[in-house]
Amino acid sequence: MSLQVVTANRLDDGLVVFLTSDGSWSENINDARTAEGKEAAEALLAEASAPELDIVIVGPYLIDVEQQGSDLVPTKYREVLRTKGPSVREDLGYQAV
Amino acid sequence: MYRYDDFDRQLVHERTEQFREQVKRRLAGDITEEQFRPLRLMNGVYLQLHAYMLRVAVPYGTLRADQLRQLGMIARVYDKGYGHFTTRQNIQYNWPKLDEIPDALLDLAKVEMHAIQTSGNCIRNTTTDQYAGAAADEIEDPRPYCELIRQWSTFHPEFTYLPRKFKIAVTGSPNDRAAVKVHDIGLRMHQNDAGETGFEVIVGGGLGRTPFVGKTIRDFIGKNDLFSYLEAILRVYNRFGRRDNKYKARIKILVHEEGIDKIRELVEEEWSQIKDGSLRVDDAEIAHYIEQFAPPAFETLADDDADFERHKAENRRFANWVRSNVIEHKQPGYAIANVSLKPIGGIPGDATDTQMELVADLSEKYSFGDVRVTHEQNLVLPHVKKADLFALWTALDADNLGTANLGYVTDIISCPGLDYCALATARSIPLSQRISERFSDLDHQHDIGELKIKISGCINACGHHHVGHIGILGLDKRGKEFYQITLGGDASQDASIGKIAGAGFSEAEVVDAIESLVTKYIDIRDGGERFIDTYRRVGMDPFKEVLYGDR
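These protein sequence lines map, in sequence, to chains A and B.
All residue numbers for the first sequence refer to the working numbering, where the first residue is 1 and numbers rise by one.
All residue numbers for the second sequence refer to the working numbering, where the first residue is 1001 and numbers rise by one.
Structure representation (structure tokens):
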């Protein structure tokens, strides 16, 4: 069964965020609420697409992740870059902190 | 240089205030993202992989010192201390916050800059030869015509919702440095048999997923008639361009599907009805714009300078920089100095806030406060006394801006790629860095000579890979980056679209593949041949063989 989380960009500063268990949005993918299976994933995306969230985030979508130890790691490199920052500027983005 | 009149100033300020209100309403929830998206795009604000991106227009690639200094300030205050110069002669910021962008736009407006015409399906910012007004080979400075195009096209009510974006490029020199044949419209200045100066009009060129070299729709249009003729082309495109399919909506597809003769017929018919109307620009008005771009107060100098020659003889690194980065100027005793934004292993086109401020200062000291952005992602100080070149280079070199590689294998065009761009399918920048490092030896670069490598991270081809002597296209193959190589592309007056060499290469293989192509070229070239010349003489097969052997 594939594991998925919802990601988006935050409206005011545009930064990458993930939907958490308490319905808030975190910059850390490890805070994300995971969904296993199609039905759970659809429910998660539906929650993230609620009209009232239109003033919090932009463009929510599901991504595939893997549990690696205590970390959630996206399976696609594009999404790995979004959790870190540009590979050519390791001083920038979340990887810099 | 052109200075805003009251109309321009009012236009930009009103637009800035409108956008401030739009952002306020978006953040308050009064408008949805769906409603806001087209509005932000019309103000150069994209949402990219990590954050918003602000693209600022540099009309025809010309900047004053105070403008470049302000771009540096904006990089520091609203971004993370750097900006990225693009293949459209513009600059992009990668990390602005939406709620701060209205202030950034206001700061831009203070120096007569904006983000208009940097996005959306309108006529985009016009591009031209970075050496305009300075080049020894130029017929006439193209910028007065670019400025007239800017005024005609900005917020043109009829052309704000075209089928797709529309890009116009102009060259005033027979040696095309503006890639005019791969634009929606390319204008090439030349003289007709009567000795009048006008333009060849080329239409339907472009890169992206369906690349074409443009076709000549009219061999000569006089200056007075240029704008009504452009209007006629845009009207035909606006009416007949395909709106049913985003990927077939550019004018190149219309020209390809209908044929240039049919398009010419439609344009001529439209033009015959409007050519004597308000878009006919008389000589006096053209003269007014030529005056705006009058040459700076050059001193009368001998073309040689003894100190300059002495510095070249004494300092090999300076001599190398002059060899590649300094270009002949039309005025005796002056030269065009190219500032490479391609340090070995660096990120093509990136400049820090302080580098921008330094170049601004140096332009005031040595180049009449005039700076240019090139579509190859470098900067230019167009009017430098030969006697000042050594001092200029010394100052540039101290801030990592003195790289001597213009036109060489390490002067690579690269789009931002997957490191920044939401559309990308693979990274471009790391590959450009590795190629740059592989060929870092300057003697080797001299031996190779002119070689244009251009890298795009997806089929939209922002990195112009189709017109690279060696083009590289990054794709995603089952979750892994891989790179397709094209050979024989050319963006110059001899424009051609590169041909795909064969199967793509993995990230690990591709730099070796490029090196094997270069080695092969050195083996088989005739005296004086550039890579592209050798390719044109021998064709694809010898290069294919080194890439794939018996594969």
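In this text, a Cβ means the ideal position worked out from N, Cα and C, and glycines have one as well.
Note that the structure is predicted; figures quoted are calculated from it, not measured.
Exercise. Check the Cβ-Cβ distances between proline 1296/B and every residue of chain A, and say whether any is below 9 Å.
Key: no
Exercise. Indicate whether at least one CB of chain B lies closer than 9 Å to the CB of aspartate 71/A.
Key: no
Quiz item: Shorter than 9 Å from the beta carbon of isoleucine 1453/B to some beta carbon of chain A?
Solution: no
Exercise. State the Cα-Cα distance for the pair arginine 78/A and aspartate 1353/B, rounded to the nearest angstrom.
Key: 28 Å
Self-check item: Bridge partners - aspartate 1350/B, DSSP secondary structure assignment
Solution: His1084/B
Quiz item: Helix, strand or coil: which one does DSSP assign to histidine 1329/B?
Solution: strand
Self-check item: Partner residues on chain B for aspartate 64/A, Cβ-Cβ distance less than 7 Å
Solution: The contacting residues do not exist; aspartate 64/A stays about 10 Å from chain B at best.
Exercise. Just the chain B side, please: which residues come within less than 8 Å of valine 58/A by C-beta, in chain order?
Key: Glu1033, Leu1047
Quiz prompt | the region 1085–1099 of chain B contacting the region 1051–1062 of chain B, beta-carbon criterion three pairs below 8 Å | solution = yes
Self-check item: Minimum C-alpha distance to arginine 1235/B - residue among Glu1529/B, Phe1166/B, Lys1330/B, Tyr1247/B
Solution: Phe1166/B
Quiz item: Taking Cβ-Cβ distances shorter than 7 Å, what residues in chain A pair up with proline 1430/B?
Solution: Ser87, Val88
Practice problem: Compare the C-beta of tyrosine 61/A with all C-beta atoms of chain B and state if any pair is closer than 9 Å. | Solution: no
Practice problem: Check the C-beta distance from isoleucine 1347/B over to glutamate 1376/B and give it rounded, since I have them as a contact under 8 Å. | Solution: At roughly 14 Å, the Cβ-Cβ gap does not stay under 8 Å, so isoleucine 1347/B and glutamate 1376/B are not in contact.
Quiz prompt | Secondary structure of histidine 1464/B, DSSP reduced to three states | solution = coil
Quiz item: Name the residues in the region 28–55 of chain A whose C-beta lies less than 7 Å from a C-beta of chain B; which are they?
Solution: Asp54, Ile55
Quiz item: What three-state label does DSSP hand tryptophan 1552/B in the structure shown?
Solution: What is shown of chain B runs 1001 to 1551, which leaves residue 1552/B out entirely.
Self-check item: Interface residues of chain A facing glycine 1457/B [CB-CB closer than 9 Å]
Solution: None at all; the shortest Cβ gap to chain A is about 11 Å.
Exercise. Could you check which residue in Cys1421/B, Thr1086/B, Gly1208/B, Glu1200/B has the C-alpha nearest to that of arginine 1372/B?
Key: Thr1086/B
Self-check item: Ranges of the alpha helix (DSSP H) found wholly within the region 1337–1412 of chain B, counting only runs of at least 4
Solution: 1353–1366, 1389–1398
Quiz item: When the Cα of aspartate 1219/B is compared with those of Ala1337/B, Asp1103/B, Thr1197/B, which residue comes out closest?
Solution: Thr1197/B
Quiz item: Just reading off the alpha helix (DSSP H) that serine 1432/B is part of, what are its end residues?
Solution: 1429–1438
Quiz item: So, alanine 41/A versus glutamine 4/A, is the Cβ gap smaller than 9 Å?
Solution: yes
Quiz prompt | Partner residues on chain A for aspartate 1099/B, Cβ-Cβ distance less than 7 Å | solution = Asp12
Exercise. Kindly say whether leucine 100/A, judged by its beta-carbon, lies nearer than 9 Å to any beta-carbon of chain B.
Key: No statement about residue 100/A is possible, as the shown extent of chain A runs from 1 to 97 and does not include it.
Quiz item: What separation, rounded to the nearest whole angstrom, lies between the Cα atoms of glycine 1528/B and lysine 1520/B?
Solution: 15 Å
Practice problem: Return the chain-ordered ranges of every alpha helix (DSSP H) run that is complete within the region 1008–1050 of chain B and spans a minimum of 4 residues. | Solution: 1033–1041
Quiz item: Do arginine 1243/B and proline 1163/B have their C-beta atoms within less than 9 Å of each other?
Solution: yes
Quiz item: Using CA coordinates, which residue listed in Gly1029/B, Met1113/B, Val1023/B, Gly1402/B is at the minimum distance from glutamine 1355/B?
Solution: Gly1402/B
Quiz item: Mind checking whether alanine 1501/B and lysine 1544/B have CB atoms under 9 Å apart?
Solution: yes
Practice problem: Ignore the nearest five residues each way along the sequence and tell me which others in histidine 1311/B's own chain have a CB closer than 7 Å to its CB. | Solution: Phe1318, Phe1390
Self-check item: Rounded separation between isoleucine 1448/B and threonine 34/A - CA only
Solution: 53 Å
Self-check item: 7 Å CB neighbourhood of tryptophan 1271/B in its chain, flanking five on each side removed
Solution: Ser1228, Tyr1229, Ala1232
Practice problem: Could you tell me whether the region 1168–1180 of chain B touches the region 1478–1493 of chain B, using the rule of 3 or more Cβ pairs below 8 Å? | Solution: yes
Quiz item: Across which residues does DSSP place isoleucine 1202/B in a beta bridge pair?
Solution: Gly1186/B, Thr1216/B
Quiz item: Should lysine 1024/B be labelled buried (16 or more other beta-carbon atoms within 10 Å of its own) or exposed?
Solution: exposed
Quiz item: If you drop the 5 nearest sequence neighbours on each side, which residues of the same chain put their C-beta closer than 7 Å to that of phenylalanine 1308/B?
Solution: Lys1386, Ala1387, Leu1389, Phe1390
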